[in-house]
Amino acid sequence: MIIRLNRYLSICGVSSRRKADRLIEDGRVRVNGVIVREPGYRVDTDKDRVSIGRRVLKPQKKRYVILNKPRLYLTSLGDERDGKRSIRELIRDIPERVYPAGRLDYDAEGLLMLTNDGEVANRILHPRYKLPKVYLTLVKGALSSDVLEKGAFGIKLEDGLARPDWIKILGKKNDNTVLEIAFHEGRKHLVKRFFKSMGYPVLRLKRVAIGPIRLGNLPRGKWRDLTPEELEALKRSLGFK
Ligand code: URA
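In my numbering, the protein residues as written are 3 to 243.
Here's what the structure looks like:
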């Protein structure tokens, strides 16, 4: 089969197609021992030998996994940093190289999707596909429905308007408020910045759904494969035929 080099990297589980472009342009990728810097270079999957450093790339089985990330774990696949643990140690038993499609802060918990399917990962993250990421959050203080209404129309942050897909108060906890909020974009610390700018700092944050995929009762620190039904529903939400 003849395919583009960047796509070949992505089916080998190296990274998303966009990151693959960067690796290629940076001269990190060799085809038959020769550095190739064109993402659109045509590779013959039966004959060509594609490598990064000493690693020879081979197409991988597609894997779609969800993990219940505990608080105080980094969403990174590197080793522990500054004494901080990473999710890497929780997914050691997955033989394929899967990557998180979206991040959760060190002190946030809940649903992380991991896959080696670069196209699915791109679409989960891209605002164009409008896939809601749903969070349960505890904010400091008693947030009233008037304030909530203002927030629902969107809050101006330093990098642009943050407008939730929906937001609702679920209850009170001592002097604080429990809410559900959904965004279909993944700007850094978006939920925290959204509530902070309204004057209600986030105390706890948990992602409970990504589109049709729900965290459910997956134990903390554990992962599982998506069911065929979940995968089909996810792909349908992302506009795959
Ligand atoms: N918004 C945040 O502020 N943090 C996260 O981890 C995810 C969304």
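The C-beta atom is built at its ideal place from N, Cα and C for all residues, glycine as well. Owing to the predicted nature of the structure, the values given are computational and were not obtained by experimental measurement.
Taking a contact to mean a Cβ-Cβ separation below 7 angstroms, would you say residue 213 touches residue 150 in this structure?
Sequence index remark: in the sequence shown, residue 213 carries index 211 (1-based). Sequence index remark: in the sequence shown, residue 150 carries index 148 (1-based). No. Outside cutoff.
Here's the rule I'm using: 16 or more other beta-carbon atoms within 10 Å means buried, otherwise exposed. How should residue 155 be labelled?
Here residue 155 refers to the residue found at position 153 of the sequence shown. If you draw a 10 Å sphere on the C-beta of residue 155, you find fewer than 16 other C-beta atoms in it, and that means exposed.
Which one of 124, 181, 26 and 182 has the shortest CA to CA distance from residue 105?
Residue mapping note: residue 105 aligns to position 103 of the sequence shown, counting from 1. It is 124 whose Cα lies nearest to the Cα of residue 105.
What's the C-alpha gap between residue 129 and residue 222?
Here the question's residue 129 lines up with position 127 in the sequence shown. Here the question's residue 222 lines up with position 220 in the sequence shown. Approximately 28 angstroms between the Cα atoms of the pair.
The ligand URA heavy atom lying under 6 angstroms from the CB of residue 145
Counting from one through the sequence shown, the residue named residue 145 turns up at place 143. Checking the Cβ of residue 145 against the ligand URA gives no.
Measuring straight from C-alpha to C-alpha, what distance separates residue 232 and residue 116?
Counting from 1 along the sequence shown, the entry for residue 232 is found at position 230. Counting from 1 along the sequence shown, the entry for residue 116 is found at position 114. Just so you know, the alpha carbons of residue 232 and residue 116 end up roughly 14 angstroms apart.
Which residue marks the beginning of the beta strand (DSSP E) containing residue 70, and which one marks its end?
Indexing the sequence shown from 1 puts residue 70 at position 68. Segment 66 to 71, the beta strand (DSSP E) holding residue 70.
For the ligand URA, any of its heavy atoms closer than 6 angstroms to the Cβ of residue 208?
Locating residue 208 in the sequence shown gives position 206, where the first residue counts as 1. Answer for residue 208: no, Cβ out of range of the ligand URA.
Taking residue 197 and residue 136 to be in contact with their CB atoms under 8 angstroms, please state how far apart those CB atoms are, rounded to whole angstroms.
Against the sequence shown, residue 197 aligns to sequence position 195. Against the sequence shown, residue 136 aligns to sequence position 134. The C-beta distance from residue 197 to residue 136 rounds to 15 angstroms, too long to fall under 8 angstroms, and the pair is not in contact.
Does at least one heavy atom of the ligand URA sit under 6 angstroms from the Cβ of residue 186?
Counting from 1 along the sequence shown, the entry for residue 186 is found at position 184. Distances between the C-beta of residue 186 and the heavy atoms of the ligand URA are all 6 angstroms or more.
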